[in-house]
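The structure appears below as structure tokens.
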Amino acid sequence: MKMHRSSLIALLALPFLAAGCKEGGPGSSGYLVKPGTERIRIAVMPFEAASPQYDSAAQVVTQELVTSLLGTGLFDVVEPGVVYQALTQSGSRNLYGLDLETMQAVQDHIGPVRVFVVGMVQEYGDVRVGAESYPSVSLTARVLDAQSASILWAGSVSKTGADSEKVFGLGAIHSQGRVLRAAVKSLIAKIDRRQFAELMAAGPAVPTGPV
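According to the working numbering, the sequence shown is numbered sequentially starting from 158.
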């Protein structure tokens, strides 16, 4: 079922992370996806690590991105474990430089998706800002058209716990998890939503037949 363009604009004008129903108390990252809503089916590839020291962090970043994308209410995100299994079966190695052949091979296993999200962890850990040490996260990401491998959007974000500091250390964040969530939220907010409006207007957002 297609959406009218006016409905698309209204939907995509909502703040990315305000849509959907958040489940759980403070600090919880669980979301309930509203049934019956038009969503774009996407696959998030496991994030790459710019350095071997960030290998474990890349897994955490991938999961946080999946959770946050679900929280927008705009995306039907393929389960990460299913994506990983498909990648293993396809024998793909270079996830950040995903090519069309690999995309098609993955979709043979997971069913059709509209876009793939790939990314890299550039930095994850502590940095010194003046005399203090703060958690830091630096990420890059790209959104790729699943049918053509063309880049729909690319961006980066860097956050430290000192970003929200006001005076004498007040407001500073010393939790790596909180800085990561802020970085992912900022990254998603940068995505050009007009690209997704065009994708949603083109046809069904999720597969209508068996995968």
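The C-beta atom is built at its ideal place from N, Cα and C for all residues, glycine as well.
Between E289, G282, L309, which has its C-alpha nearest R335's C-alpha? G282
Classify R338 as helix, strand or coil using the three-state DSSP reduction. Three-state DSSP puts R338 in a helix.
Tell me whether Y253 sits in a helix, a strand or coil according to DSSP, three-state version. coil
As assigned by DSSP and simplified to three states, the class of E289: strand
In the structure shown, what three-state DSSP assignment does D265 receive? helix
Should R271 and R198 be called a contact, given that it needs their Cβ atoms to be closer than 7 Å? In this structure, R198 lies closer than 7 Å to R271 by Cβ.
Using DSSP with H/G/I as helix, E/B as strand and the rest coil, what is L309? strand
Measuring alpha carbon to alpha carbon, tell me which residue in T317, V201, L226 is nearest A340. T317
Below 7 Å between beta carbons: does that hold for S307 and T297? no
Under 6 Å: does the beta carbon of A200 sit that close to some heavy atom of the ligand FAD? With respect to the ligand FAD, the structure offers nothing, as it holds no ligand at all.
Environment of P209 [buried if 16+ CB atoms lie within 10 Å]: exposed
Touch test, the region 274-292 against the region 203-217, Cβ-Cβ under 8 Å, three pairs minimum: yes
Between S295 and the rest of its own chain, which residues show a CB-CB distance below 6 Å, the 5 nearest in sequence each way excluded? Q279, E280, S315
In whole angstroms, what is the alpha-carbon distance linking G287 and S332? 18 Å
Best match in S343, I345, M260, I348 for proximity to A200 [C-alpha to C-alpha]: Closest option to A200, Cα to Cα, is M260.
Excluding the 5 residues flanking D212 on each side, which residues of the same chain have their C-beta closer than 7 Å to its C-beta? Closer than 7 Å at the Cβ level, and outside the excluded window around D212, lie A206.
Please report how far the alpha carbon of E180 lies from the alpha carbon of L227, in whole angstroms. For E180, the predicted model reports a pLDDT of 38, less than 50, meaning its position is unreliable; a value from the coordinates is still stated below. Straight-line Cα distance between these residues: approximately 12 Å.
Name the residue from I348, A311, K342 whose alpha carbon lies nearest to the alpha carbon of G395. Residue numbering for the chain in the displayed model covers 158 to 368; residue 395 lies beyond these limits and cannot be assessed.
Which residues does DSSP pair with E280 in a beta bridge? Answer is S295, bridged to E280.
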